[in-house]
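**Q**
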Amino acid sequence: MVKKEDYKYLLKDIEKIINQKLSISEQEMFLCWLAISISRIKLGALIDEMELYRQISENNWLYPIFKDMLIPVLKDVGNLNERELENEVLFLFSVLNAFAYYSKADERLS
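Position 16 of the sequence shown, counting from 1, maps to 35 under the numbering used here, and the rest follow consecutively.
See below:
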């Protein structure tokens with residue numbers, strides 16, 4: 020079982036990286052996706068390489084910082100090789116990136 024309390028510290032780090040406070044729903048969504056990822060890794064059901072995830076992170080200066088923050092967390096969960104770790108981090112970065120896209124500031128969605 021994954022306890023979100025064990026990973027809440029990441030939220031403050033993410034807010035520092037993006038220089039913006041996450042809403043409560045964004046915090047819960049990120050922790051939920053992180054818990055799903057951790058559970059999948061423990062079960063050996065890893066994320067496949069997806070070009071879309073790579074495109075989202077490409078040329079984004081936040082990605083290397085986010086990656087450095089998450090790699091140690093995911094390494095503790097399972098015995099993943101570098102490519103598998105990268106795929107998992109790319110997926111979680113795309114989740115985080117979606118928050119900005121679907122923010123309340125976008126009048127089409129609020």
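Just so you know, even glycine gets a beta-carbon here, dropped at the ideal spot from N, CA and C.
1. Indicate the three-state DSSP secondary structure (helix, strand or coil) for residue 39 in the structure shown.
2. Select from 33, 27, 25 the residue whose C-alpha is nearest the C-alpha of residue 87.
3. Closest to residue 24 by CA distance: which of 42, 46, 76 is it?
4. Are the CB atoms of residue 64 and residue 21 nearer to each other than 7 Å?
5. Going residue by residue through the region 60-94, where are the continuous beta strand (DSSP E) segments of at least 3 residues, counting only ones entirely within it?
6. Please report the straight-line C-alpha distance between residue 61 and residue 51, rounded to a whole angstrom.
7. Which of helix, strand or coil does DSSP assign to residue 20?
8. From residue 100 to residue 31, what does the alpha carbon distance come to, in whole angstroms?
9. Could you give the distance in angstroms between the alpha-carbon of residue 183 and the alpha-carbon of residue 75?
10. Given a cut-off of 7 Å, decide if residue 93 and residue 81 are closer than it, judged by their beta-carbon atoms.
**A** Considering the structure as presented:
1. coil
2. 33
3. 46
4. no
5. none
6. 15 Å
7. coil
8. 27 Å
9. Any property of residue 183 remains undetermined from this structure, which presents the chain solely from 20 to 129.
10. no
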